[in-house]
Amino acid sequence: MKDTIPEGFEVPLHKSVAEPVLWMGLPRPILFAISLTTIMLVVIFQISYMSLIAIILGISAYIACLQLTNRDPEFYKVILKNSVYKKHYY
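With the sequence shown counted from 1, adding 399 to any position gets you my numbering.
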């Protein structure tokens, strides 16, 4: 059997419909959480070596989440849904 599509049954699919919306390669909630947490820690620690550590932690969290997003763009939804489940069911 031939796998041909009959004339008139083809619909163009735009790339924006099939791919998730990402900002800087991350989902918006994750990017906002990482950036706001990093900014908050820098403001709390003001100008000290701890603020440098907060920036390094923010960058490393961004890179880790970027790697997870490259594997599965919906990873954060899976983690949030999994956190609601009980550890044991009796």
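Heads up, the beta-carbon is just placed ideally off N, CA and C, and yes, glycines get one too.
- With respect to the 8 Å criterion, GLY424 and LEU451 are not classified as neighbours on the basis of their beta carbons.
- Look at LEU451 here: in three-state DSSP terms it is helix.
- Cα atoms of GLN445 and THR437: separation of roughly 12 Å, rounded to the nearest angstrom.
- Remark: three or more beta-carbon pairs, one from each stretch, lie closer than 8 Å, so the segment 472-485 and the segment 415-431 are flagged as touching.
- Closest by C-alpha distance to LEU421, out of HIS413, LEU412, PHE431, is PHE431.
- With respect to the 8 Å criterion, VAL441 and ALA453 are classified as neighbours on the basis of their beta carbons.
- Straight-line spacing of the CA atoms in SER434 and GLY457 works out to 7 Å.
- Taking the Cα positions, PRO419 is about 26 Å away from PHE408.
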